[in-house]
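This report concerns only the one structure given below.
Structure (C-alpha cells):
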C-alpha cells in the first residue's frame, strides 16, 4: 500500500484514456467522475504514445468521437494504423511502447495507488494487471478500475488471460454500450478473481450518478484504510 500523504488520505489514480481520445479530452470527459471522487481520489492523466489517423478507416468499428489529436495504445491493424476491439489480429504493433510509457508514468507520478482505464485504456489496464500478476516489477499499484474494458483479440496477447488475475478490480459496463458491448466487458472481468462488477443502463461513457457513486466509494474505501 502506498504511503499516506500529509493530511487526509487521498488515493492517486493513473488514468488511461480510450482509443481516439487524448489526455485533455479524457480529463474533460471525466469531470462528473472527478466530482464524485473528490476528497477520496485524485485522477492523474497520461496520453497514449501513438497518433491515430484523423478519420476512421473503412471497416473500423464504431470509433469513439474524433479528437483533434487522436491517440491510441496499440493497433490491431499495423498496415492501416487502426484499431478494432473485435478484430482477431494475427499481429499488432504499439503495445510495448505503451507499456513503457505507463511504467515511466508510475515512477513520475509516484505514489500511484491504482489504475483507471476507459475502453482501449481499460483493455490496457487488464494487460498490465496480468503483467503485475506475473511479477513485472515495473507495475506497482494496488487495484484497478476498468470502465468499458475488453480482452485484446490479438493472437499473441492471449497469454495474458490464461490464469486468474488477483489484482482487486472494479469493472464498470454499460448495458446499452454499442462500442464495447457489455458481454465483452464481462468476458474481461471473468479473468479476474472476485471482480466487483458495476452495471449501468447507459452506453459508452463513465457513469457517475448516485447509484454508481456508492459502488465507487465502497470499492475505494478498502484502500483508504
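Residue numbers (this note's numbering): 306 to 530.
Backbone N, C-alpha and C define an ideal beta-carbon position, used for all residues, glycine too.
Residue burial classification, residue i (beta-carbon count within 10 angstroms, cutoff 16)
i: residue 336; result: exposed
i: residue 405; result: exposed
i: residue 517; result: buried
i: residue 364; result: Its pLDDT being 45, under 50, residue 364 is placed unreliably in this model, and the value from its coordinates should be taken loosely. It is exposed - the Cβ of residue 364 has fewer than 16 other Cβ atoms within 10 Å.
i: residue 486; result: buried
i: residue 322; result: buried
i: residue 353; result: buried
i: residue 461; result: exposed
i: residue 383; result: exposed
i: residue 373; result: exposed
i: residue 440; result: exposed
i: residue 316; result: buried
i: residue 413; result: exposed
i: residue 425; result: buried
i: residue 340; result: exposed
Of the residues the options, the one placed nearest residue i, counting alpha carbons only
i: residue 438; options: 498, 422, 401 and 453; result: 498
i: residue 393; options: 381, 447 and 449; result: 381
i: residue 417; options: 325, 355 and 449; result: 449
i: residue 477; options: 318, 464 and 506; result: 506
i: residue 402; options: 333, 481 and 355; result: 355
i: residue 385; options: 495, 358 and 430; result: 358
i: residue 436; options: 319, 470 and 453; result: 470
i: residue 351; options: 342, 491 and 327; result: 327
i: residue 493; options: 422, 342 and 515; result: 422
i: residue 332; options: 341, 348 and 344; result: 348
i: residue 452; options: 519, 387 and 502; result: 502
i: residue 447; options: 459, 433, 454 and 456; result: 433
i: residue 314; options: 343, 330 and 334; result: 343
i: residue 524; options: 345, 388 and 329; result: 345
i: residue 479; options: 489, 472 and 473; result: 489
i: residue 528; options: 495, 474, 455 and 491; result: 474
i: residue 496; options: 514, 457 and 329; result: 457
Backbone secondary structure at residue i - three-state DSSP
i: residue 474; result: strand
i: residue 525; result: helix
i: residue 323; result: coil
i: residue 351; result: strand
i: residue 343; result: coil
i: residue 331; result: helix
i: residue 337; result: helix
i: residue 425; result: helix
i: residue 408; result: helix
i: residue 311; result: The predicted model places residue 311 with a pLDDT of 41, which falls under 50 and marks its position as unreliable, so this point remains unresolved.
Beta strand (DSSP E) runs wholly inside the region 428-471, at least 3 long, in chain order: 448-452
Could you pull out every unbroken beta strand (DSSP E) segment of at least 3 residues lying fully inside the region 475-521, listed in chain order? 501-505
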